[in-house]
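When you number the sequence shown by our numbering, it's gap-free, plus one each residue, and the end is 160.
Note that CB positions come from ideal geometry on N, CA and C, so glycine has one too.
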Amino acid sequence: EVIDTDELKTSNGDLKRAVKDDISAFNSKHGKNVVRFIRLGEKNGKCYVETAFKDVETYAKYSGYEVKLTKVKASKANFDAIFSEVKDGKKSGYIDAYKVKKMKGQLLVLNENITVKVPGDVKCVSDEGTKVNEDGSVTIKPVNGNNDYAVNTYIIFE
3 EVIDTDELKT SNGDLKRAVK DDISAFNSKH GKNVVRFIRL GEKNGKCYVE TAFKDVETYA
63 KYSGYEVKLT KVKASKANFD AIFSEVKDGK KSGYIDAYKV KKMKGQLLVL NENITVKVPG
123 DVKCVSDEGT KVNEDGSVTI KPVNGNNDYA VNTYIIFE
């Protein structure tokens, strides 16, 4: 999560306490450590909050965002994107959506500007607004500069 502390008129310490309190309240209702606070960092006047979740369902419940995780071949997703194959941890060229639908592995579909770390190797991503990072995570950024705008993002991993 990226937060502009100047807009909120709050300190990093207050923000960190608020995030930890929110996580504690959620965990008290849903189970011990289903959401974990990892760190809060600041860069260029923005705070970055890193959290970890027990699973996709917990993330969806906590964030309120719709997230789908399924096997690629069993997915009912419409694959309405341009896809990039990922080799050696980098986008390596476009791949036809028809071929994507036939890939092995898991499909994560989300609609949020966020950095995601999946439990496996990323094989393919929708191209628009995505960057595959050295650590294997995928960063999803707004394509039009509006942080409130997100596109459906597909991540296929094994």
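- Applying the criterion that 16 or more other CB atoms from any shown protein chain within 10 Å of the CB defines a buried residue, is Tyr100 buried or exposed? Residue numbering aside, residue 100 sits at position 98 when the sequence shown is read from its first letter. Looking at its Cβ environment, which holds fewer than 16 other Cβ atoms inside 10 Å, Tyr100 is exposed.
- Task: List the residues that DSSP assigns as beta-bridge partners of Leu110.
- Result: Taking the first residue of the sequence shown as position 1, residue 110 is located at position 108. DSSP, once it has assigned bridges, lists Leu71, Ile157 as partnering Leu110.
- Query: Do Gly131 and Val153 have their C-beta atoms closer together than 8 Å?
  - Reply: Residue 131 sits at position 129 when you count from the first residue of the sequence shown. Residue 153 sits at position 151 when you count from the first residue of the sequence shown. Yes.
- What did DSSP end up calling Tyr128 once you bin it into helix, strand or coil? Counting from one through the sequence shown, the residue named residue 128 turns up at place 126. Checking the sequence, you will find Ser at residue 128 rather than Tyr. It is a strand residue.
- Query: So the beta strand (DSSP E) Glu44 belongs to, where does it begin and stop?
  - Reply: As a working note, residue 44 is residue 42 in the sequence shown. Segment 37-45, the beta strand (DSSP E) holding Glu44.
- Buried or exposed (CB count within 10 angstroms, at least 16 for buried), Lys125: By 1-based counting over the sequence shown, the position of residue 125 is 123. Buried, by the Cβ-count rule.
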